[in-house]
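Read through the structure below, which is laid out as structure tokens, and then see the notes.
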Amino acid sequence: MGFWDILFLLLVLATIGLGAYAFYRWRKFKKLFSYTKEMVGKRVEDLVNIPSLKGVQVPINIPKKGDVVIYFYGAKCKFCPKQEEELKKLPKNVKLFKFDVRTRKGKITAAIFRVAVLPSVIVLRDRVIKGYFTGFVTAEKVIEALKGKN
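Dropping the structure here:
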């Protein structure tokens, strides 16, 4: 085996190794955000109930009836100002709650809704999650989620 054969073999092994590592990271990333689809359809009461304390609930100040959009933002988020402009296009009957994840109340609420990406938009109707969006989302998609077409 010559020098070029060994070099070629090492390059092939390095390529296979990097490909396997990239696949592993992609699967881990996909699994990390798979909870967003599981959250749709859950009631807020199911999220704030603490099973280890049997019936103790964390209070959350969200109306029990009507359409609600919860928006999480941060200071160094590049898409958050664009998302806020997009949410201004929503109908007037939709109540919008904005939480800064740097504040205490924002951290608690973000933990309840398992927010890991900014901006995050959660769509509720009668305290049932109808849509859970991580990253930038258009106002049309939020309205579709409110109508139940998502």
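So for the sequence shown, the working numbering puts the first residue at 188; every next one is plus one. Don't be surprised by glycine CBs; every beta carbon is placed ideally from N, CA and C. Fair warning: this is a prediction, and the values are worked out from it, not measured in the lab.
Where residue i falls, given that 16 or more other Cβ within 10 Å makes a residue buried
i, result
"Leu274", "buried"
"Thr296", "buried"
"Phe195", "exposed"
"Leu305", "buried"
"Val342", "With the chain running from 188 to 337 in the structure shown, residue 342 is simply not present."
"Tyr317", "According to the sequence as given, residue 317 is Lys; it is not Tyr. Result: buried."
"Ile193", "exposed"
"Ala209", "exposed"
"Ala207", "exposed"
Three-state secondary structure (DSSP) of residue i
i, result
"Ile249", "coil"
"Thr223", "helix"
"Thr325", "coil"
"Gly204", "helix"
Any C-beta of chain C under 8 Å from that of residue i
i, result
"Lys334", "You won't find chain C in this structure, because it holds only one protein chain."
Beta bridge counterpart(s) of residue i as assigned by DSSP
i, result
"Val255", "Lys282, Leu311"
"Arg230", "Val315"
Residue i Cβ short of 7 Å to the ligand FMN heavy atom set
i, result
"Ala201", "As far as ligands go, the structure on display features none, and thus does not contain the ligand FMN."
Whole-number beta carbon distance between residue j and residue i, since they are thought to touch under 8 Å
i, j, result
"Leu234", "Ile299", "5 Å"
"Gly272", "Tyr260", "Here residue 272 is Glu; the residue named in the question, Gly, does not match the sequence. About 12 Å separates the two Cβ atoms, so there is no contact after all."
"Val256", "Val310", "6 Å"
"Gly228", "Val302", "About 18 Å; that fails the 8 Å criterion."
"Phe284", "Tyr258", "7 Å"
"Gly356", "Lys292", "Only positions 188 to 337 of the chain appear in this structure, which leaves residue 356 out of reach."
"Ser307", "Thr321", "5 Å"
ask   = What are the complete alpha helix (DSSP H) segments, minimum 4 residues, inside the segment 260 to 319?
value = Runs found: 267 to 274, 291 to 299.
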